[in-house]
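Numbering (my numbering), first residue to last: 1 to 612.
For each residue, glycine too, the CB sits at the ideal point set by N, CA and C.
What follows is one structure encoded as structure tokens, with my remarks underneath.
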């Protein structure tokens with residue numbers, strides 16, 4: 001027996017032992033789920049890996065499957081012991097995967113073991129173990145392998161996002177569903193093996209042909225055989241890109257900057273452009289591909305393909321680069337996720353025709369404004385259009401933004417996303433409300449400029465196809481109007497915006513509050529304080545109405561009303577942990593930290609069960 005056969009046999013036996021023990025835990029739902037996962041996504045591919053190695057060595061296939069059938073069950077383990085055993089299996093599999101990189105079945109099994117081992121660990125252990133796995137696998141270059149009749153094996157791909165732009169858990173080794181049938185999307189659950197998924201391309205697919213369309217200012221190049229039919233070009237620039245008629249491109253039907261934007265946004269990599277005529281074909285890709293400067297990432301699009309950017313290498317089952325159609329991008333591409341593409345592994349738009357859908361969220365879930373808008377990708381699409389198209393051509397706004405940072409559109413999109421209930425990207429990356437206020441100080445914005453900014457941003461929202469229903473437009477426009485007026489106020493000479501204010505939180509029920517409820521940037525530096533309060537005795541029970549409510553002044557109450565009501569027992573109870581954190585770090589109240597004795601009273605109220 002070769003060394004690799006022995007190591008695979010040993011790993012398979014250990015996995016089978018744990019799987020059998022979990023299966024015997026009748027009535028334990030989690031154990032049964034993990035058992036099924038091990039059987040479908042670890043034992044099966046490891047058996048295939050053994051057979052693969054046996055055939056490669058010229059040895060017999062028989063006996064490898066039998067090795068798991070007679071594993072003697074170990075004594076019943078505690079939950080902690082099983083968690084540790086799963087971790088050791090994941091660690092061992094990762095070591096083997098690094099040792100034998102040419103076995104895609106081993107990589108598939110490793111992906112499932114890494115995911116299971118981290119999922120069952122507590123938060124602290126999971127973080128430590130993830131770092132350990134990343135170290136073990138660090139020497140393997142980032143890639144996506146389209147396993148034969150199997151999943152996409154994403155190795156050391158550090159950024160995986162859902163269609164809203166929110167990060168999904170990543171492991172050093174991932175197995176992403178390719179057949180469309182997994183119940184754990186986007187992760188593979190072994191369904192491809194049960195349904196007989198095949199990765200064969202369709203001989204009737206659109207042929208590989210690169211067409212050249214020479215215009216007055218720009219030449220557009222296109223390969224219809226690569227198109228995934230996202231509509232990013234035809235929906236946004238129909239005077240240039242035509243749906244269902246020929247020729248597909250009229251390169252003089254739009255402005256050059258709009259054509260370039262549409263070409264660069266093509267997720268499949270079918271489009272490119274060049275300055276001049278057809279002789280520029282060979283140099284057309286680099287500019288379209290952002291000169292290879294984008295961070296590698298994978299987006300799981302809604303009911304559609306994986307959209308890959310950043311030049312992640314795509315390899316076939318044999319480890320060689322997947323052949324590409326003529327002129328198409330290696331920096332960005334779209335991979336089939338429904339299992340029915342005519343041009344596998346690339347998406348050909350068949351998800352529309354087979355009505356492929358991701359799992360439907362809980363029917364009782366009310367989407368946030370962020371979710372309804374389409375998440376960070378949709379908001380970024382809007383802000384890019386605004387700052388790339390409308391601002392430069394406007395005489396009022398162009399001077400204001402002439403020196404903006406290259407990532408300004410992305411920053412504004414993250415601000416809006418956080419305001420509308422999305423992830424706290426702006427606060428974590430740039431510093432929250434205080435940072436945003438600092439960008440307006442001293443600019444002395446006028447009402448005319450504010451009005452133009454609002455009008456053009458709303459126009460960009462329409463043009464970038466954000467939702468057009470009355471409820472969304474009302475909520476979106478209300479915040480833009482409110483926020484832009486604050487920007488004007490805070491930009492004036494002599495303005496003193498309150499420090500340490502929280503991020504606005506806009507939802508379907510949000511209003512900015514009654515006039516006077518917000519502390520003005522022109523409010524006097526000091527205001528009359530409330531009467532002196534008496535703190536509860538050390539042995540006295542702390543109650544909200546008797547003690548906690550009095551800790552907050554009128555100005556505290558006013559300044560926070562657009563987020564929550566500091567004089568409401570229900571609101572303060574709901575946000576008690578966040579309020580305590582801000583009191584402790586001195587960012588609340590916004591005009592100066594509390595003395596320690598007041599913070600202690602608030603903490604005593606929390607510890608006492610927050611009685612009313």
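Q. Across which residues does DSSP place residue 143 in a beta bridge pair?
A. Taking the chain shown and counting its residues from 1, the one referred to as residue 143 is at position 143. According to DSSP, which records beta bridges pairwise, residue 143 is partnered with 155, 313.
Q) What are the partner residues of residue 223, as DSSP defines its beta bridges? A) Taking the chain shown and counting its residues from 1, one reaches residue 223 at position 223. 210, per the DSSP bridge assignment.
Q: Measure the beta-carbon distance from residue 325 to residue 208 and round it to whole angstroms, keeping in mind my assumption that it falls under 8 Å.
A: Mapped onto the chain shown, residue 325 falls at position 325. Mapped onto the chain shown, residue 208 falls at position 208. That pair is a contact at about 4 Å.
Q: Take the Cβ of residue 490 as the centre, count every other Cβ of all protein chains shown within 10 Å, and call the residue buried at 16 or more, exposed below.
A: The residue you call residue 490 lines up with position 490 of the chain shown. The residue is buried, with at least 16 neighbouring Cβ atoms inside 10 Å.
Q: Confirm the yes/no value for this check: CB of residue 228, any heavy atom of the ligand GTP, distance under 8 Å.
A: You won't find the ligand GTP in this model; it holds no ligand whatsoever.
Q: Use the C-beta contact count for residue 449: other C-beta atoms within 10 angstroms, 16 or more gives buried, fewer gives exposed.
A: Taking the first residue of the chain shown as 1, we reach residue 449 at position 449. Classification for residue 449: buried.
Q: Throw me the rounded Cβ distance for the residue 425 and residue 414 pair, which I believe falls under 8 Å.
A: Sequence index remark: in the chain shown, residue 425 carries index 425 (1-based). Sequence index remark: in the chain shown, residue 414 carries index 414 (1-based). Contact flag correct, Cβ pair sits at about 4 Å.
**Q.** CA-to-CA distance, residue 486 to residue 383, given in whole angstroms
**A.** Reading the chain shown from its first residue, position 383 is the one you call residue 383. Reading the chain shown from its first residue, position 486 is the one you call residue 486. The straight-line gap from Cα to Cα measures roughly 19 Å.
Q.
Does residue 548 come out as helix, strand or coil in the three-state DSSP assignment?
A. Taking the first residue of the chain shown as position 1, residue 548 is located at position 548. The answer is helix: DSSP assigns residue 548 an H, G or I state.
Q: Could you check if residue 152 is buried or exposed, using at least 16 other CB atoms within 10 Å of its CB as the buried criterion?
A: Indexing the chain shown from 1 puts residue 152 at position 152. Buried, since its Cβ has 16 or more Cβ neighbours within 10 Å.
Q: Could you have a look at residue 161 and say whether DSSP puts it in helix, strand or coil?
A: One-based indexing of the chain shown puts residue 161 at position 161. Correct three-state label for residue 161: strand.
Q | Proximity winner among 474, 273, 133, 206, relative to residue 347 (alpha-carbon distances) | A | Mapped onto the chain shown, residue 347 falls at position 347. Comparing Cα-Cα distances from residue 347 to each of 474, 273, 133, 206, the minimum goes to 206.
Q.
Per the DSSP calculation, residue 173 is bridged to which residue(s)?
A. Here residue 173 is taken as the residue at index 173 of the chain shown, counted from 1. BP columns for residue 173 point to 155.
Q) Just to confirm, are residue 571 and residue 565 a CB contact at a threshold of 9 Å? A) Numbered from its first residue, the chain shown carries residue 571 at position 571. Numbered from its first residue, the chain shown carries residue 565 at position 565. For residue 571 and residue 565, yes; Cβs fall inside 9 Å.
**Q.** Limits of the alpha helix (DSSP H) - the one that residue 300 falls within
**A.** As a working note, residue 300 is residue 300 in the chain shown. No alpha helix (DSSP H) holds residue 300; the beta strand (DSSP E) holding it covers 297 to 300.
Q) So, are the CB atoms of residue 306 and residue 271 less than 9 Å apart? A) As a first step, residue 306 must be located in the chain shown, where it is residue number 306. As a first step, residue 271 must be located in the chain shown, where it is residue number 271. Cβ distance not < 9 Å, so residue 306 and residue 271 don't count as in contact.
Q: Specify, as a first and last residue, the run of the beta strand (DSSP E) that residue 333 falls within.
A: For the purposes of this step, residue 333 is taken as the residue at position 333 of the chain shown. Residues 333 to 335.
Q.
On a Cα-Cα basis, can you pick out the residue from 261, 194, 109 that is closest to residue 11?
A. Here residue 11 is taken as the residue at index 11 of the chain shown, counted from 1. Residue 109 is the option with its Cα nearest to residue 11.
Q) With 16 as the cutoff for other CB atoms within 10 Å, does residue 161 come out buried or exposed? A) Translated into positions along the chain shown, residue 161 becomes position 161. The residue is buried, with at least 16 neighbouring Cβ atoms inside 10 Å.
Q. Hey, residue 187 and residue 174: beta-carbon distance below 9 Å or not?
A. Counted from its first residue, the chain shown places residue 187 at position 187. Counted from its first residue, the chain shown places residue 174 at position 174. Cβ distance < 9 Å, so residue 187 and residue 174 count as in contact.
Q: Locate the alpha helix (DSSP H) running through residue 106, then write down its first and last residues.
A: As a position in the chain shown, residue 106 is number 106, starting the count at 1. Looking at the DSSP string, the run of the alpha helix (DSSP H) that includes residue 106 is 104 to 119.
Q | Backbone secondary structure at residue 343 - three-state DSSP | A | Counting from 1 along the chain shown, the entry for residue 343 is found at position 343. Here residue 343 sits in strand by DSSP.
Q: In angstroms with no decimal places, state the Cα-to-Cα distance between residue 548 and residue 593.
A: Numbered from 1 along the chain shown, position 548 holds the residue referred to as residue 548. Numbered from 1 along the chain shown, position 593 holds the residue referred to as residue 593. Cα to Cα, residue 548 sits roughly 16 Å from residue 593.
Q) So, residue 470 versus residue 506, is the Cβ gap smaller than 9 Å? A) As a position in the chain shown, residue 470 is number 470, starting the count at 1. As a position in the chain shown, residue 506 is number 506, starting the count at 1. Their beta carbons are not under 9 Å apart, which means residue 470 does not touch residue 506 by this criterion.
Q: Report buried or exposed for residue 344, applying the criterion of at least 16 other Cβ atoms within 10 angstroms of its Cβ.
A: Here residue 344 refers to the residue found at position 344 when the chain shown is read from its first residue. Residue 344 comes out buried.
Q: Alpha carbon to alpha carbon, how far is residue 314 from residue 327? Give it in angstroms, no decimals.
A: The residue labelled residue 327 in the question sits at position 327 within the chain shown. The residue labelled residue 314 in the question sits at position 314 within the chain shown. Cα to Cα, residue 327 sits roughly 16 Å from residue 314.
Q. Counting along the chain, where does the alpha helix (DSSP H) carrying residue 583 start and finish?
A. The residue given as residue 583 occupies position 583 in the chain shown. Its alpha helix (DSSP H) spans residues 576 to 585.
(Q) Quick check on residue 528: does DSSP put it in helix, strand or coil? (A) Taking the first residue of the chain shown as 1, we reach residue 528 at position 528. In this prediction, residue 528 scores a pLDDT of 45, lower than 50, which makes its location untrustworthy; the coordinate-derived value is nonetheless stated afterwards. Note: residue 528 maps to coil in three-state DSSP.
Q | Residue interval of the alpha helix (DSSP H) (run including residue 130) | A | In the chain shown, counting from the first residue as 1, residue 130 sits at position 130. Counting along the chain, the alpha helix (DSSP H) containing residue 130 begins and ends at 123 to 136.
Q | Assigned secondary structure, residue 294 (DSSP; H/G/I helix, E/B strand, else coil) | A | The residue given as residue 294 occupies position 294 in the chain shown. If DSSP states are grouped into helix, strand and coil, residue 294 belongs with coil.
(Q) Quick check: what's the CA-CA separation for residue 44 versus residue 145? (A) Within the chain shown, the letter at position 44 stands for residue 44. Within the chain shown, the letter at position 145 stands for residue 145. So the alpha carbons of these two residues sit roughly 19 Å apart.
Q) Going by the beta-carbon positions, is the gap between residue 101 and residue 140 smaller than 9 Å? A) Here residue 101 refers to the residue found at position 101 of the chain shown. Here residue 140 refers to the residue found at position 140 of the chain shown. Cβ distance < 9 Å, so residue 101 and residue 140 count as in contact.
Q: Return the first residue and the last residue of the alpha helix (DSSP H) that residue 329 is part of.
A: Sequence index remark: in the chain shown, residue 329 carries index 329 (1-based). Neither: residue 329 is in no alpha helix (DSSP H) and is coded neither H nor E.
**Q.** Euclidean distance between Cα positions of residue 587 and residue 607
**A.** Walking along the chain shown from the start, residue 587 turns up at place 587. Walking along the chain shown from the start, residue 607 turns up at place 607. Spanning the two alpha carbons is a distance of roughly 22 Å.
Q) Are residue 113 and residue 93 closer than 9 Å when you measure CB to CB? A) Locating residue 113 in the chain shown gives position 113, where the first residue counts as 1. Locating residue 93 in the chain shown gives position 93, where the first residue counts as 1. Going by C-beta atoms, residue 113 is nearer than 9 Å to residue 93.
**Q.** Given residue 420 as reference, the closest of 454, 378, 402, 440 once Cα atoms are compared
**A.** Translated into positions along the chain shown, residue 420 becomes position 420. When each option's Cα is compared against that of residue 420, the closest is 378.
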